[in-house]
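Visitor:
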Amino acid sequence: MRGIELTKVSIMAIVLASMAVVYALTSVSVSLRSVGNIKALGVGVYGDSGCTQSVSSIDWGLAEPGAVKNVTVYIRNEGNAPITLSLQTANWNPANAANYISLSWSYGGQTISPNQVVGVTLSLSISSSITGITSFSFDIIISAVG
Numbered sequence: 720m721r722g723i724e725l726t727k728v729s730i731m732a733i734v735l736a737s738m739a740v741v742y743a744l745t746s747v748s749v750s751l752r753s754v755g756n757i758k759a760l761g762v763g764v765y766g767d768s769g770c771t772q773s774v775s776s777i778d779w780g781l782a783e784p785g786a787v788k789n790v791t792v793y794i795r796n797e798g799n800a801p802i803t804l805s806l807q808t809a810n811w812n813p814a815n816a817a818n819y820i821s822l823s824w825s826y827g828g829q830t831i832s833p834n835q836v837v838g839v840t841l842s843l844s845i846s847s848s849i850t851g852i853t854s855f856s857f858d859i860i861i862s863a864v865g
């Protein structure tokens, strides 16, 4: 009888250990560390609507695969003519990060008058299939045309 109880305990221990191994193999979570440097051409980029806190970089913090991280910035036309804006990214490090990470924004293409300020949400999207990247950086280029 005692041998049967020991066998049951041994089997239960093996089952629990196997479940732990399966969980560890199927539950992978990766956090990414990132920073985006901002280069603004013909405009000012600020962290507040009063345009008192200039923004030169964005620390996106930790981002999980499949996540979208949002940051709101305020863009002011610092020229003397109406403009529209364009957004680009460059200098990805590592270079293949651009295959898994994208940046978009809420700017709708409206004309921005001199000294006018518009709030824009920048959205960083991390692909759920990202692998081999634990940190990255890139430049965010906001250009004025007008």
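In our numbering, the protein residues as written are 720 to 865.
Glycine included, C-beta positions come from ideal geometry on N, C-alpha and C.
Smallest Cα separation from Ser-823: which of Val-762, Val-774, Ile-861?
Guide: Cα-wise, what sits closest to Ser-823 is Ile-861.
Visitor: Who are the near neighbours of Val-792 in its chain, counting only those whose CB is closer than 7 Å to its CB and skipping five residues on each side?
Guide: Contacts found: Val-764, Tyr-765, Gly-766, Val-774, Val-839, Leu-841.
Visitor: Would Pro-833 pass as a contact of Ala-809 if the rule is Cβ separation under 8 Å?
Guide: For Pro-833 and Ala-809, no; Cβs fall outside 8 Å.
Visitor: To the nearest angstrom, report how far apart Ser-825 and Thr-850 are at their CA atoms.
Guide: Computed Cα separation, rounded: 28 Å.
Visitor: By how many angstroms is the C-alpha of Ser-768 removed from the C-alpha of Ser-846?
Guide: Going from the Cα of Ser-846 to the Cα of Ser-768 covers about 31 Å.
Visitor: With the cut-off set at 8 Å, would you say Ile-820 and Ser-844 are in Cβ contact?
Guide: Against a cut-off of 8 Å, the Cβ pair of Ser-844 and Ile-820 comes out as a contact.
Visitor: Counting C-beta neighbours from all protein chains within 10 Å, is the total for Asn-796 16 or more, i.e. buried, or is it exposed?
Guide: The residue in question, Asn-796, is buried, as its Cβ has 16 or more Cβ neighbours within 10 Å.
Visitor: With DSSP as the reference, identify every bridge partner of Tyr-793, one or two as the case may be.
Guide: DSSP lists Tyr-765, Gly-838 as partners of Tyr-793.
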